[in-house]
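Working notes, beginning with the structure itself.
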(Lines of atoms letter the chains of each structure in order from A; the text may use other names.)
(Lines give C-alpha, C1' and ligand atoms only; values in the text may rest on other atoms or scores of the structure.)
Protein backbone atom coordinates (compact mmCIF):
# COMPACT_ATOMS: atom_id res chain seq x y z
CA UNK A 9 0.00 0.00 0.00
CA UNK A 10 2.87 2.36 0.76
CA UNK A 11 4.49 1.58 -2.59
CA UNK A 12 1.26 2.12 -4.55
CA UNK A 13 0.64 5.46 -2.82
CA UNK A 14 4.20 6.60 -3.52
CA UNK A 15 3.87 5.49 -7.15
CA UNK A 16 0.62 7.44 -7.48
CA UNK A 17 2.16 10.61 -6.08
CA UNK A 18 5.18 10.35 -8.38
CA UNK A 19 2.99 9.46 -11.36
CA UNK A 20 0.69 12.43 -10.68
CA UNK A 21 3.65 14.81 -10.49
CA UNK A 22 4.97 13.47 -13.79
CA UNK A 23 1.56 13.94 -15.39
CA UNK A 24 1.14 17.49 -14.05
CA UNK A 25 4.57 18.44 -15.39
CA UNK A 26 5.12 16.32 -18.50
CA UNK A 27 1.72 15.14 -19.68
CA UNK A 28 1.90 12.51 -22.45
CA UNK A 29 5.24 12.92 -24.27
CA UNK A 30 4.91 12.61 -28.04
CA UNK A 31 6.03 9.29 -29.48
CA UNK A 32 5.77 7.38 -26.19
CA UNK A 33 3.58 4.28 -26.48
CA UNK A 34 0.51 4.48 -24.25
CA UNK A 35 -1.27 1.50 -22.61
CA UNK A 36 -4.64 2.85 -23.77
CA UNK A 37 -3.46 2.30 -27.35
CA UNK A 38 -2.96 -1.34 -26.48
CA UNK A 39 -6.36 -1.53 -24.82
CA UNK A 40 -7.96 -0.03 -27.92
CA UNK A 41 -6.21 -2.59 -30.12
CA UNK A 42 -7.47 -5.44 -27.92
CA UNK A 43 -11.03 -4.13 -28.08
CA UNK A 44 -10.93 -3.83 -31.88
CA UNK A 45 -9.54 -7.33 -32.35
CA UNK A 46 -11.96 -8.91 -29.89
CA UNK A 47 -14.92 -7.17 -31.50
CA UNK A 48 -14.08 -8.60 -34.92
CA UNK A 49 -13.61 -12.10 -33.50
CA UNK A 50 -16.73 -12.08 -31.33
CA UNK A 51 -18.96 -10.74 -34.10
CA UNK A 52 -17.90 -13.69 -36.25
CA UNK A 53 -18.63 -16.19 -33.47
CA UNK A 54 -21.96 -14.88 -32.17
CA UNK A 55 -25.07 -14.41 -34.32
CA UNK A 56 -26.33 -10.94 -35.14
CA UNK A 57 -29.43 -9.75 -33.34
CA UNK A 58 -30.26 -8.57 -29.85
CA UNK A 59 -29.40 -11.72 -27.86
CA UNK A 60 -26.27 -12.70 -29.76
CA UNK A 61 -24.83 -9.21 -29.78
CA UNK A 62 -25.46 -8.71 -26.07
CA UNK A 63 -23.68 -11.98 -25.27
CA UNK A 64 -20.80 -10.95 -27.51
CA UNK A 65 -20.62 -7.51 -25.92
CA UNK A 66 -20.62 -8.99 -22.44
CA UNK A 67 -17.81 -11.37 -23.33
CA UNK A 68 -15.90 -8.45 -24.85
CA UNK A 69 -16.01 -6.67 -21.49
CA UNK A 70 -14.81 -9.72 -19.57
CA UNK A 71 -11.97 -10.57 -21.95
CA UNK A 72 -10.83 -6.95 -22.31
CA UNK A 73 -10.59 -6.53 -18.55
CA UNK A 74 -8.77 -9.84 -18.10
CA UNK A 75 -6.20 -8.99 -20.77
CA UNK A 76 -5.84 -5.28 -19.92
CA UNK A 77 -5.29 -5.91 -16.22
CA UNK A 78 -3.75 -9.38 -16.37
CA UNK A 79 -0.79 -8.53 -18.60
CA UNK A 80 0.36 -5.49 -16.54
CA UNK A 81 -0.16 -7.51 -13.33
CA UNK A 82 2.02 -10.31 -14.71
CA UNK A 83 4.69 -7.83 -15.79
CA UNK A 84 4.73 -6.18 -12.36
CA UNK A 85 5.01 -9.60 -10.70
CA UNK A 86 7.91 -10.65 -12.91
CA UNK A 87 9.78 -7.39 -12.31
CA UNK A 88 9.23 -7.61 -8.56
CA UNK A 89 10.79 -11.07 -8.58
CA UNK A 90 13.89 -9.55 -10.17
CA UNK A 91 14.03 -6.46 -7.94
CA UNK A 92 11.27 -4.52 -6.13
CA UNK A 93 12.62 -1.24 -7.47
CA UNK A 94 11.87 -2.31 -11.06
CA UNK A 95 8.25 -3.06 -10.16
CA UNK A 96 7.97 0.28 -8.35
CA UNK A 97 9.34 2.21 -11.32
CA UNK A 98 6.86 0.53 -13.67
CA UNK A 99 4.04 1.31 -11.21
CA UNK A 100 5.06 4.98 -11.35
CA UNK A 101 4.94 4.88 -15.14
CA UNK A 102 1.52 3.21 -15.17
CA UNK A 103 0.12 5.82 -12.74
CA UNK A 104 1.59 8.59 -14.88
CA UNK A 105 0.04 7.19 -18.06
CA UNK A 106 -3.40 6.63 -16.55
CA UNK A 107 -3.78 10.36 -15.86
CA UNK A 108 -4.37 13.11 -18.43
CA UNK A 109 -4.35 16.40 -16.53
CA UNK A 110 -1.71 18.19 -18.58
CA UNK A 111 -2.80 16.67 -21.88
CA UNK A 112 -6.34 17.93 -21.30
CA UNK A 113 -5.03 21.40 -20.50
CA UNK A 114 -2.65 21.50 -23.48
CA UNK A 115 -5.24 20.36 -26.02
CA UNK A 116 -7.90 22.70 -24.64
CA UNK A 117 -5.59 25.68 -24.56
CA UNK A 118 -4.85 25.11 -28.24
CA UNK A 119 -8.43 26.20 -28.87
CA UNK A 120 -7.98 29.47 -26.98
CA UNK A 121 -4.65 30.12 -28.68
CA UNK A 122 -6.13 29.40 -32.11
CA UNK A 123 -8.98 31.84 -31.52
CA UNK A 124 -6.63 34.55 -30.29
CA UNK A 125 -3.94 34.12 -32.94
CA UNK A 126 -5.73 32.92 -36.08
CA UNK A 127 -9.45 33.48 -35.60
CA UNK A 128 -12.69 31.54 -35.63
CA UNK A 129 -11.92 29.02 -38.38
CA UNK A 130 -8.72 27.95 -36.62
CA UNK A 131 -10.64 27.70 -33.36
CA UNK A 132 -13.17 25.40 -35.01
CA UNK A 133 -10.39 23.15 -36.29
CA UNK A 134 -8.72 23.05 -32.88
CA UNK A 135 -11.90 22.22 -30.96
CA UNK A 136 -12.82 19.52 -33.49
CA UNK A 137 -9.81 17.58 -32.19
CA UNK A 138 -11.25 17.28 -28.67
CA UNK A 139 -15.04 17.07 -29.12
CA UNK A 140 -17.39 14.71 -30.94
CA UNK A 141 -19.92 17.29 -32.12
CA UNK A 142 -20.00 18.98 -35.53
CA UNK A 143 -17.84 22.12 -35.35
CA UNK A 144 -17.99 23.49 -38.90
CA UNK A 145 -20.72 26.04 -38.18
CA UNK A 146 -19.96 26.85 -34.54
CA UNK A 147 -19.84 30.49 -33.53
CA UNK A 148 -16.95 31.68 -31.36
CA UNK A 149 -19.23 31.30 -28.36
CA UNK A 150 -19.98 27.73 -29.42
CA UNK A 151 -16.29 26.92 -29.81
CA UNK A 152 -15.48 28.28 -26.35
CA UNK A 153 -18.39 26.47 -24.73
CA UNK A 154 -17.42 23.19 -26.39
CA UNK A 155 -13.87 23.49 -25.06
CA UNK A 156 -14.99 24.40 -21.53
CA UNK A 157 -17.51 21.55 -21.47
CA UNK A 158 -14.81 19.12 -22.58
CA UNK A 159 -12.51 20.25 -19.77
CA UNK A 160 -15.34 19.89 -17.26
CA UNK A 161 -16.39 16.40 -18.32
CA UNK A 162 -12.87 15.05 -18.83
CA UNK A 163 -11.68 16.36 -15.48
CA UNK A 164 -13.59 13.39 -14.14
CA UNK A 165 -13.08 10.83 -16.92
CA UNK A 166 -9.43 11.60 -17.58
CA UNK A 167 -8.08 12.72 -14.22
CA UNK A 168 -10.05 12.37 -11.01
CA UNK A 169 -11.81 9.05 -11.78
CA UNK A 170 -8.59 7.13 -12.57
CA UNK A 171 -7.01 8.88 -9.58
CA UNK A 172 -9.85 7.59 -7.40
CA UNK A 173 -9.38 4.00 -8.58
CA UNK A 174 -5.61 4.15 -8.18
CA UNK A 175 -6.08 5.33 -4.60
CA UNK A 176 -8.27 2.27 -4.04
CA UNK A 177 -6.35 -0.36 -5.98
CA UNK A 178 -3.03 1.01 -7.16
CA UNK A 179 -1.99 1.28 -10.81
CA UNK A 180 -3.99 -1.81 -11.76
CA UNK A 181 -7.14 -0.07 -10.52
CA UNK A 182 -6.40 2.83 -12.85
CA UNK A 183 -5.77 0.48 -15.76
CA UNK A 184 -9.04 -1.36 -15.12
CA UNK A 185 -10.91 1.96 -15.11
CA UNK A 186 -9.27 3.09 -18.35
CA UNK A 187 -10.18 -0.23 -19.96
CA UNK A 188 -13.84 0.29 -19.02
CA UNK A 189 -13.75 3.91 -20.17
CA UNK A 190 -12.10 2.99 -23.48
CA UNK A 191 -14.65 0.27 -24.16
CA UNK A 192 -17.45 2.75 -23.63
CA UNK A 193 -15.83 5.29 -25.96
CA UNK A 194 -15.40 2.65 -28.68
CA UNK A 195 -18.56 0.53 -28.51
CA UNK A 196 -20.90 2.20 -26.00
CA UNK A 197 -23.08 3.96 -28.58
CA UNK A 198 -26.83 3.80 -29.01
CA UNK A 199 -26.80 3.38 -32.78
CA UNK A 200 -27.55 0.58 -35.20
CA UNK A 201 -24.06 -0.92 -34.93
CA UNK A 202 -23.65 -0.90 -31.14
CA UNK A 203 -27.18 -0.68 -29.72
CA UNK A 204 -26.93 -4.20 -28.28
CA UNK A 205 -23.24 -5.05 -28.63
CA UNK A 206 -22.23 -2.01 -26.55
CA UNK A 207 -24.89 -2.33 -23.84
CA UNK A 208 -22.66 -4.06 -21.27
CA UNK A 209 -19.73 -1.70 -21.82
CA UNK A 210 -21.94 1.39 -21.53
CA UNK A 211 -23.66 0.21 -18.35
CA UNK A 212 -20.38 -0.81 -16.74
CA UNK A 213 -18.94 2.62 -17.55
CA UNK A 214 -21.97 4.28 -15.94
CA UNK A 215 -21.46 2.14 -12.83
CA UNK A 216 -17.70 2.75 -12.71
CA UNK A 217 -18.20 6.52 -12.93
CA UNK A 218 -21.13 6.80 -10.51
CA UNK A 219 -19.07 7.57 -7.40
CA UNK A 220 -16.11 9.32 -9.12
CA UNK A 221 -18.36 11.76 -11.02
CA UNK A 222 -20.08 12.92 -7.86
CA UNK A 223 -16.89 12.95 -5.83
CA UNK A 224 -15.16 14.94 -8.58
CA UNK A 225 -17.96 17.49 -8.55
CA UNK A 226 -17.63 17.97 -4.79
CA UNK A 227 -13.87 18.38 -5.04
CA UNK A 228 -14.37 20.83 -7.91
CA UNK A 229 -16.74 22.90 -5.77
CA UNK A 230 -14.17 23.00 -2.97
CA UNK A 231 -11.45 23.86 -5.49
CA UNK A 232 -13.61 26.69 -6.83
CA UNK A 233 -13.71 28.27 -3.37
CA UNK A 234 -9.97 27.80 -2.87
CA UNK A 235 -9.02 29.08 -6.33
CA UNK A 236 -11.12 32.24 -6.13
CA UNK A 237 -13.99 31.18 -8.39
CA UNK A 238 -17.68 31.43 -7.50
CA UNK A 239 -17.89 28.40 -5.24
CA UNK A 240 -21.28 29.36 -3.86
CA UNK A 241 -22.82 29.49 -7.33
CA UNK A 242 -20.99 26.28 -8.29
CA UNK A 243 -22.79 24.51 -5.43
CA UNK A 244 -26.13 26.03 -6.39
CA UNK A 245 -25.90 25.06 -10.05
CA UNK A 246 -24.59 21.61 -9.16
CA UNK A 247 -27.64 20.90 -7.02
CA UNK A 248 -30.00 22.24 -9.68
CA UNK A 249 -28.52 21.06 -12.99
CA UNK A 250 -26.42 17.96 -12.26
CA UNK A 251 -29.08 15.65 -13.74
CA UNK A 252 -29.59 17.56 -16.98
CA UNK A 253 -27.95 14.95 -19.20
CA UNK A 254 -28.93 11.57 -20.60
CA UNK A 255 -25.86 10.09 -18.96
CA UNK A 256 -26.27 9.68 -15.19
CA UNK A 257 -22.75 11.04 -14.64
CA UNK A 258 -21.80 13.54 -17.36
CA UNK A 259 -23.48 16.70 -16.07
CA UNK A 260 -22.09 16.75 -12.52
CA UNK A 261 -18.74 18.42 -13.17
CA UNK A 262 -20.20 20.39 -16.08
CA UNK A 263 -22.77 21.92 -13.74
CA UNK A 264 -20.07 22.83 -11.25
CA UNK A 265 -17.94 24.39 -13.99
CA UNK A 266 -20.84 26.47 -15.29
CA UNK A 267 -21.63 27.71 -11.80
CA UNK A 268 -18.01 28.43 -10.88
CA UNK A 269 -17.49 30.50 -14.05
CA UNK A 270 -20.94 32.15 -13.95
CA UNK A 271 -21.72 31.06 -17.52
CA UNK A 272 -24.30 28.92 -19.27
CA UNK A 273 -23.10 25.72 -20.95
CA UNK A 274 -24.62 22.83 -22.92
CA UNK A 275 -27.77 23.39 -25.00
CA UNK A 276 -28.55 22.01 -28.46
CA UNK A 277 -25.68 20.53 -30.48
CA UNK A 278 -25.18 18.91 -33.89
CA UNK A 279 -23.67 15.42 -34.19
CA UNK A 280 -23.04 13.82 -37.59
CA UNK A 281 -25.46 16.23 -39.25
CA UNK A 282 -28.28 15.64 -36.75
CA UNK A 283 -29.49 18.17 -34.19
CA UNK A 284 -29.74 16.90 -30.62
CA UNK A 285 -31.90 18.91 -28.23
CA UNK A 286 -30.20 19.39 -24.87
CA UNK A 287 -31.10 21.52 -21.85
CA UNK A 288 -28.87 24.39 -20.78
CA UNK A 289 -26.65 24.00 -17.73
CA UNK A 290 -25.94 27.06 -15.60
CA UNK A 291 -27.24 30.62 -15.78
CA UNK A 292 -26.40 33.19 -18.43
CA UNK A 293 -24.92 35.62 -15.87
CA UNK A 294 -22.28 36.76 -18.33
CA UNK A 295 -21.25 35.79 -21.87
CA UNK A 296 -18.49 33.23 -22.27
CA UNK A 297 -15.11 34.57 -23.34
CA UNK A 298 -11.86 33.09 -24.59
CA UNK A 299 -10.18 33.28 -21.19
CA UNK A 300 -12.82 30.90 -19.81
CA UNK A 301 -10.91 28.01 -21.36
CA UNK A 302 -7.83 28.89 -19.30
CA UNK A 303 -10.02 29.37 -16.23
CA UNK A 304 -11.56 25.92 -16.76
CA UNK A 305 -8.09 24.39 -17.04
CA UNK A 306 -6.96 26.04 -13.81
CA UNK A 307 -10.02 24.67 -12.04
CA UNK A 308 -9.26 21.22 -13.50
CA UNK A 309 -5.73 21.30 -12.04
CA UNK A 310 -6.95 22.61 -8.70
CA UNK A 311 -9.56 19.86 -8.51
CA UNK A 312 -7.07 17.11 -9.33
CA UNK A 313 -4.50 18.41 -6.85
CA UNK A 314 -7.06 18.78 -4.07
CA UNK A 315 -8.39 15.25 -4.61
CA UNK A 316 -4.86 13.83 -4.65
CA UNK A 317 -4.01 15.61 -1.37
CA UNK A 318 -7.21 14.65 0.44
CA UNK A 319 -7.56 11.05 -0.73
CA UNK A 320 -3.81 10.52 -0.51
CA UNK A 321 -3.86 11.73 3.10
CA UNK A 322 -6.78 9.41 3.88
CA UNK A 323 -4.96 6.43 2.39
CA UNK A 324 -1.79 7.37 4.30
CA UNK A 325 -3.86 7.46 7.50
CA UNK A 326 -5.27 4.01 6.76
CA UNK A 327 -1.77 2.67 6.12
CA UNK A 328 -0.54 4.17 9.40
CA UNK A 329 -3.46 2.72 11.37
CA UNK A 330 -3.01 -0.73 9.85
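Residue numbers (our numbering): 9 to 330.
We treat Cβ as the ideally placed atom computed from N, Cα and C, and that holds for glycine.
C-beta contact flag for residue i and residue j at 9 Å
i           : j           : result
residue 207 : residue 40  : no
residue 231 : residue 310 : yes
residue 109 : residue 297 : no
residue 292 : residue 156 : no
residue 154 : residue 167 : no
residue 171 : residue 76  : no
residue 267 : residue 238 : yes
residue 220 : residue 105 : no
residue 304 : residue 160 : yes
residue 235 : residue 103 : no
residue 315 : residue 227 : yes
residue 175 : residue 273 : no
Residue i versus residue j - alpha carbon distance
i           : j           : result
residue 146 : residue 132 : 7 Å
residue 290 : residue 47  : 39 Å
residue 129 : residue 158 : 19 Å
residue 246 : residue 252 : 10 Å
residue 224 : residue 186 : 16 Å
residue 73  : residue 177 : 15 Å
residue 118 : residue 213 : 29 Å
residue 86  : residue 269 : 48 Å
residue 194 : residue 121 : 30 Å
residue 88  : residue 179 : 14 Å
residue 59  : residue 211 : 16 Å
residue 23  : residue 56  : 42 Å
residue 283 : residue 330 : 55 Å
residue 312 : residue 152 : 22 Å
residue 241 : residue 32  : 41 Å
residue 163 : residue 53  : 38 Å
residue 275 : residue 285 : 7 Å
residue 111 : residue 30  : 11 Å
residue 94  : residue 81  : 13 Å
residue 265 : residue 294 : 14 Å
residue 116 : residue 279 : 20 Å
residue 71  : residue 43  : 9 Å
residue 200 : residue 141 : 19 Å
residue 13  : residue 320 : 7 Å
residue 181 : residue 222 : 19 Å
residue 9   : residue 165 : 24 Å
residue 83  : residue 91  : 12 Å
Member of the options whose CA lies at the smallest distance from the CA of residue i
i           : options               : result
residue 123 : 149, 324, 193 and 221 : 149
residue 229 : 214, 261 and 248      : 261
residue 97  : 212, 271 and 18       : 18
residue 287 : 255, 269 and 318      : 255
residue 1   : 59, 240, 57 and 134   : Because the chain in this structure spans residues 9 to 330, residue 1 falls outside the shown range and cannot be described.
residue 257 : 302, 169 and 327      : 169
residue 26  : 107, 91 and 92        : 107
residue 68  : 83, 188 and 92        : 188
Chain-order list of residues whose beta-carbon lies under 7 Å from that of residue i (same chain, five-residue window excluded)
i           : result
residue 136 : 143
residue 51  : 64
residue 66  : 208
residue 197 : 206
Own chain residues within Cβ distance below 8 Å of residue i, not counting five before or after
i           : result
residue 62  : 204, 205, 207 and 208
residue 184 : 73, 76, 77, 173 and 177
Beta-carbon contacts of residue i that lie in its chain and below 6 Å, excluding the five residues immediately before and after
i           : result
residue 263 : 245, 246, 249, 250 and 289
residue 11  : 96
residue 100 : 15, 18 and 19
residue 326 : none
Residue i CB to nearest heavy atom of the ligand PLP below 8 Å
i          : result
residue 73 : The ligand PLP is absent from the structure shown, which contains no ligand whatsoever.
*Where in the segment 25-72 do unbroken runs of the alpha helix (DSSP H), each at least 4 residues long, occur, reported from the N-terminal end onward?*
The alpha helix (DSSP H) runs of length 4 or more contained entirely in the segment 25-72 are, from start to end of the chain, 35-53.
_Give the list of continuous alpha helix (DSSP H) stretches no shorter than 4 residues that lie fully inside the segment 248-308._
259-269
*Taking only runs of the alpha helix (DSSP H) that begin and end inside the segment 148-202, which ones reach a length of at least 4 residues, in chain order?*
148-163 and 169-195
*Quick one: complete alpha helix (DSSP H) runs, 4+ long, within the segment 91-143?*
92-106, 109-125 and 128-136
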